[in-house]
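In numbering that gives the first Met the number 0, the protein residues as written are 0 to 379. Virtual Cβ for every residue (Gly too), placed ideally from N, Cα, C.
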Amino acid sequence: MISFIDLKSQQALIRSNIDKRFAEIMDNTRFIMGQEVTELESQLSEFCGSKHTLTCSNGTDALVLALMLKGVGPGDAVIVPAFTFVATAEAVAVLGATPVFADVLPDTFTLDPESAQQAIAVARDEGLSPKGIIPVGLFGQPADMDMLKAVANAEDLWVLDDAAQSFGATYKGATAGNLADISTTSFFPAKPLGCYGDGGAVFTNSDEDFEILQSLRVHGQGKHKYENVCLGMTGRLDTLQAAVLLEKLKIFPDEIQARQRIAKRYKQGLQEACYTPVIMNNCQSTWAIYTVKVDPAVRFNLLEHLKAKGIPTGIYYPIPLHQQKAYKHYPCASEHLPVCEALSHEVLSLPMHAYLDEESQDQVIQAFCESVQQAKRSAA
Ligand SMILES: Cc1ncc(COP(=O)(O)O)c(C=O)c1O
């Protein structure tokens, strides 16, 4: 059976090492802030080139911690794409600030710099104070950071890269985690680098910011445990999760390469049948999710045919954030965000993980091409 994401094959490779690490932690009982946590933080910094890594409870808290560090609150606006997982906007909104939704580009599905610029103007018109932009490395590919940084710099805003899906990707020779003023990621199990529960991280090159983030992660702690210097949260990563990630990080570079090979074969096999993903020059995706665009008139039928052939699929995302009940009262760059709205009806994601063998890839490709033909015939 083909899995959408296969965590079992990967586990078989690293299980005995993880078991050993777990046994040690069970013996020493350092479940919170054990040495694995600091070891992981230094290895993650080395991996992505960021001076500091602060691991934390999940990718949403990572965003919240980064936004707390930036002092975001009521009256502030933060520009976010409307085509992303909800956490990107939620982290802004829970702090009382206003997410302002911008459109994405039709080829890469990442934040459109022009629309971001418009969103800044809209925020000002509404009497808000624009503070920053959060590009998202959607489906594994970083946004066009140079273009977005140019917009941000001209407006004196910061850039927070939400690399929950793109950690490990590269953009013009730099690695995601180190592409912006501050970056965050998620270690949710299905992510390219995932643990066995919830986890996340914040990345920064600033010593001062790292010190503040360390305090925010533990209730705004001061010099000692029972001194509180600011509002914070309980946001630590468990030692057991750090142990899992230390083992997974060892095989992560090879897994990223395996994903490149699979994406290449998928493109060759699928490009006649649908719009396959576009990756910018000088950029490498981590292929967190392999998402194609299809004719919305046949998408439902196509999904049914693929299901009947045993091919698991996903729709990321069926409703853009500016049309969600909880978010539709927030401002948008323009009355409509046409690309986000169109994509929600066009996208379809196929199985993608580093252990998808060639036989399974061919099965997916064949089933997809056949299903497109079947769906088109029934639509005609
Ligand atoms: C783009 C993006 N941002 C943030 C998050 C939040 O991460 P977590 O689920 O670890 O809180 C996710 C997770 O799916 C995500 O895809």
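Rounded to whole angstroms, what's the CA-CA distance from residue i to residue j? Just pull it up for me.
i      : j      : result
Thr59  : Ala262 : 28 Å
Asn227 : Val93  : 22 Å
Ala153 : Gly131 : 12 Å
Gly199 : Gln323 : 25 Å
Pro295 : Glu345 : 5 Å
Ala90  : Ala241 : 24 Å
Trp206 : Ser49  : It should be noted that the sequence gives Asp, not Trp, for residue 206. Looking at the two C-alpha atoms, the distance is approximately 11 Å.
Val36  : Leu248 : 13 Å
Arg235 : Asp160 : 20 Å
Thr83  : Tyr329 : 15 Å
Phe395 : Cys47  : Any question about residue 395 goes unanswered here, given that the chain covers just 0 to 379.
Glu40  : Phe209 : 12 Å
Leu43  : Gln259 : 21 Å
Would the beta-carbon of residue i be found less than 6 Å away from any heavy atom of ligand 1?
i      : result
Ser348 : no
Ser185 : yes
Gly199 : yes
Asp161 : yes
Asn280 : no
Ala383 : Because the chain here runs from 0 to 379, residue 383 falls outside it and cannot be looked at.
Val77  : no
Gln240 : no
Based on DSSP bridge pairs, tell me the residues matched to residue i.
i      : result
Tyr289 : Leu349
Cys331 : Phe100
Tyr274 : Lys292
Cys282 : Tyr170
Asn300 : The partner list for Asn300 (beta bridge, DSSP) is empty, contrary to what the question assumes.
Phe202 : Thr52, Ser182
Val158 : Ile132
What whole-angstrom Cβ distance do residue i and residue j have, given they're in contact under 8 Å?
i      : j      : result
Ile211 : Leu68  : 6 Å
Ala65  : Thr183 : 5 Å
Val99  : Val121 : 6 Å
Val293 : Leu301 : 6 Å
Pro129 : Ile181 : With a Cβ gap of about 17 Å, Pro129 and Ile181 do not count as contacting.
Ile4   : Ala189 : 5 Å
Pro191 : Gly268 : Rounded, the Cβ-Cβ distance is 22 Å, inconsistent with contact.
Val297 : Ala374 : 4 Å
I want to know whether the stretch 352–366 touches the stretch 138–154 - three or more CB-CB distances under 8 Å.
no
Is the stretch 215–229 in contact with the stretch 159–179, if contact means three or more CB pairs nearer than 8 Å?
no
Would you check if the stretch 250–264 and the stretch 101–111 touch, i.e. whether three or more CB-CB distances between them fall below 8 Å?
no
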